[in-house]
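For the protein sequence lines, the chains are D and R, in the order given. FYI, in the numbering used here the residues of the first sequence are 42 to 285. FYI, in the numbering used here the residues of the second sequence are 42 to 285. Here is the structure we will look at.
2 protein chains.
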Amino acid sequence: LSLFPKIRENLSQIPVKIAVMSGKGGVGKTTVCAWLALSLKKLGFKVAVFDADFTGPNIAYAIKEKVVSLKAKAVGTEDNYTIIPPEVDGIKVVSSSMILDEGKALIWRGPLKFKLFQELLAFSDLRDVDILLIDLPPGTGDESLNLAQMIPDAKVIIVYQPATLAVEDVKRSMDFAKTLNLEILAIVENFSYAVCPKCGEKFDIFDGAKLKVEPDLKLPILKEKAFEELFDFVQKKVIPRLKK
Amino acid sequence: LSLFPKIRENLSQIPVKIAVMSGKGGVGKTTVCAWLALSLKKLGFKVAVFDADFTGPNIAYAIKEKVVSLKAKAVGTEDNYTIIPPEVDGIKVVSSSMILDEGKALIWRGPLKFKLFQELLAFSDLRDVDILLIDLPPGTGDESLNLAQMIPDAKVIIVYQPATLAVEDVKRSMDFAKTLNLEILAIVENFSYAVCPKCGEKFDIFDGAKLKVEPDLKLPILKEKAFEELFDFVQKKVIPRLKK
Ligand SMILES: Nc1ncnc2c1ncn2[C@@H]1O[C@H](COP(=O)(O)OP(=O)(O)O)[C@@H](O)[C@H]1O
Ligand SMILES: Nc1ncnc2c1ncn2[C@@H]1O[C@H](COP(=O)(O)OP(=O)(O)O)[C@@H](O)[C@H]1O
Ligand SMILES: [Zn+2]
């Protein structure tokens with residue numbers, strides 16, 4: 042009994058979907074996804090985030106450091122139910138770690154996790170959401186592929202670090218997006234440079250810096266500054282691209 | 042027809058096996074694994090590396106930036122063959138990306154990749170190897186579990202970054218090792234601090250710094266310096282621990 046028709050129906054009511062991808066873990070993909078959500082909310086949009094990155098902790102912690110409660114509510118009957126996602130800083134968060142009780146995180150490994158992702162996408166209450174952000178797992182493996190196929194009209198933002206072989210990573214992400222016919226909205230270089238707190242010197246920390254692709258945005262290794270620069274970028278570059 | 046007996050037999054001739062783990066990608070696990078191999082070789086041991094991290098590029102590039110040839114040779118007959126692993130800087134590298142021709146990297150996704158890993162461990166010529174390092178995939182998922190079960194007498198080195206929730210990552214890696222009865226040899230904090238090239242100031246770049254566990258070694262974000270410190274650590278702390 043495929044949930045794909047239900048997923049398609051549930052997601053069709055959301056005008057914009059943005060999937061955030063990376064070629065490998067640790068480049069700040071989840072953080073950039075959370076910052077995109079916060080920026081879009083600040084600019085007046087109703088935002089939801091689908092946490093599909095099972096390799097990392099709940100994206101809620103990247104949205105707001107001290108998160109009080111991550112409980113989702115299920116309403117309705119067993120064969121006709123709706124999941125009400127919790128809100129963190131005004132952003133709806135759809136994540137499997139909210140459905141399951143503490144200590145049950147393991148039961149959704151393997152093929153079961155996709156069953157759970159499908160249920161979340163099919164039955165979460167996403168009425169009234171303008172933009173859905175999807176935090177994909179890192180890489181372009183089977184998991185990312187399966188998830189991307191559930192959101193065939195998503196636009197893509199690629200995040201990378203200017204480290205060795207970064208160009209290959211980005212190329213792989215771009216090929217992945219093109220194969221699935223997903224429009225690439227922006228390429229973001231994170232951890233672009235460090236800033237000395239003493240003398241203000243800006244310097245590279247990765248030697249792959251000379252292998253850089255031409256990104257749309259370069260973020261420094263300084264969370265407050267990086268967030269401001271991403272917010273500006275969303276306001277001045279992303280929104281206009283989305284509007285056309 | 043299980044390859045486990047053949048794997049056990051092939052690996053039993055190697056006195057020391059060290060698996061390098063991480064709670065998530067991007068913390069420098071592959072780089073630390075390569076540096077461990079280079080340090081041990083420098084100290085006179087015959088070293089082999091098993092590249093089991095299919096999420097990243099071949100560990101050979103972390104051993105030596107410009108790698109000329111990564112071709113493994115197969116000798117013998119179809120039902121009784123041996124794989125001769127190529128050497129990079131005097132270190133034998135066992136990796137699936139060396140067996141397959143260019144463009145065939147995709148055929149080993151899913152369950153096939155484990156079949157390939159098993160073949161590599163069963164049939165690679167590892168006679169005369171003193172220490173086998175294993176670069177595990179990041180995380181403590183099914184893949185890491187399957188691989189760890191092929192090397193039940195390995196010792197473990199855990200690598201992490203002092204970022205948010207790092208303590209949970211390390212704890213998860215430690216629980217994983219303990220569940221499998223693998224001895225933890227060392228816990229290494231990588232990207233511990235940046236060094237300003239202008240004024241020499243040392244500073245943290247991650248805010249999770251206050252959540253640190255007590256690691257055995259802290260490496261700066263500066264490859265030459267980090268390698269020297271890791272070499273010292275191997276010489277003064279790791280070798281004595283291995284000898285007892
Ligand atoms: N621009 C930045 N400056 C400082 N720290 C950052 C920046 N971007 C991400 N981080 C930190 O780096 C770590 C890894 O980021 P994360 O979003 O978890 O990466 P990924 O999702 O790619 O694995 C986190 O601790 C995060 O807070
Ligand atoms: N101590 C360090 N200083 C500077 N760069 C580092 C250091 N450790 C790792 N790197 C770089 O960081 C990037 C990620 O490291 P990698 O070993 O691929 O991580 P992982 O295997 O955990 O995904 C690589 O470009 C690597 O060269
Ligand atoms: Zn300085």
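Heads up, the beta-carbon is just placed ideally off N, CA and C, and yes, glycines get one too.
With DSSP run on the structure shown, which of helix, strand or coil describes residue i?
i        : result
R:Leu111 : coil
D:Thr71  : helix
D:Lys278 : helix
D:Leu44  : coil
R:Gly144 : For R:Gly144, the pLDDT reaches just 38, beneath the cut-off of 50, and the residue's location in the model is therefore unreliable, leaving the point undetermined.
R:Leu263 : coil
D:Trp149 : For D:Trp149, the predicted structure reports a pLDDT of 49, less than 50, and the residue's modelled location is therefore unreliable. A value from the coordinates is still provided. D:Trp149 falls in the helix class under three-state DSSP.
R:Ile175 : strand
R:Gly85  : coil
R:Lys284 : helix
R:Gly117 : strand
R:Ala235 : strand
D:Phe91  : strand
D:Phe244 : strand
D:Leu258 : strand
Counting along the chain, where does the alpha helix (DSSP H) carrying residue i start and finish?
i        : result
R:Ala218 : Ala207 to Thr220
R:Asn187 : Asp183 to Ala189
R:Tyr102 : Ala101 to Ile104
Compare the beta carbon distance of residue i and residue j with 7 Å and say whether it is the shorter of the two.
i        : j        : result
R:Tyr201 : R:Val73  : no
R:Val229 : R:Pro261 : no
R:Pro179 : R:Lys285 : no
R:Leu173 : R:Ala89  : yes
D:Lys239 : R:Glu242 : yes
D:Phe95  : D:Lys154 : yes
R:Phe247 : R:Pro203 : yes
D:Leu167 : D:Ile48  : no
R:Leu226 : R:Ala93  : no
D:Thr205 : D:Gly249 : yes
R:Ala97  : R:Thr71  : Here the sequence assigns Gly to residue 97 of chain R, which means Ala is not the residue at that position. Yes, the pair counts as a contact, with Cβ atoms nearer than the cut-off.
Please return the same chain residues whose Cβ sits closer than 7 Å to the Cβ of residue i, not counting the five positions on each side in sequence.
i        : result
R:Phe164 : Tyr122, Thr123 and Ile124
R:Leu283 : Val57
D:Thr112 : Reading the sequence as shown, one finds Lys at residue 112 of chain D and not Thr. Result list for D:Lys112: Pro127 and Met139, in chain order.
D:Ile192 : Leu52, Lys58, Ala60 and Ile175
D:Leu221 : Ala189
R:Ala146 : Note that R:Ala146 has pLDDT 39, beneath the 50 cutoff, so the model's placement of it is unreliable and no number is given.
D:Val108 : Ala101, Tyr102 and Val129
R:Gly144 : Any reading at R:Gly144 must be qualified, since the residue scores a pLDDT of 38, below 50, and its modelled position is unreliable; no value is offered.
Please work out which residues of its chain come closer than 8 Å, Cβ to Cβ, to residue i, disregarding the five sequence neighbours upstream and downstream, and give them in chain order.
i        : result
D:Asp169 : Lys87
D:Val275 : Leu77, Ser80, Leu81 and Leu84
D:Val211 : Gly64, Ile199, Tyr201, Ile228 and Val254
R:Leu44  : Gln159, Glu160, Leu162 and Ala163
R:Ala267 : Trp76, Asn231, Leu260 and Pro261
D:Arg213 : Gly64 and Thr181
D:Tyr234 : Lys243, Phe244, Asp245, Ile246, Lys259, Pro261 and Ile262
Can you tell me where the beta strand (DSSP E) holding residue i begins and where it ends?
i        : result
R:Ile198 : Lys196 to Tyr201
D:Tyr122 : Asn121 to Ile125
D:Glu230 : Ile225 to Glu230
D:Ala60  : Val57 to Ser63
D:Val134 : Ile132 to Ser136
Sorted by chain position, which residues of the same chain lie with C-beta nearer than 6 Å to residue i's C-beta, five sequence neighbours on each side aside?
i        : result
D:Ala115 : Tyr122 and Ile124
R:Ala75  : Ile100, Ala103 and Ile104
R:Glu224 : Lys196
D:Leu258 : Val229 and Phe274
R:Ala218 : Val197 and Ile225
May I ask whether a heavy atom of ligand 1 can be found less than 6 Å away from the beta carbon of residue i?
i        : result
R:Thr205 : yes
R:Thr96  : no
D:Lys264 : yes
D:Thr71  : yes
D:Asn231 : yes
R:Gly180 : no
Under 6 Å: does the beta carbon of residue i sit that close to some heavy atom of ligand 2?
i        : result
R:Leu260 : yes
R:Ala267 : yes
R:Ser63  : yes
R:Val90  : no
R:Val236 : no
R:Val68  : yes
For ligand 3, is there any heavy atom lying closer than 6 Å to the beta carbon of residue i?
i        : result
R:Lys243 : no
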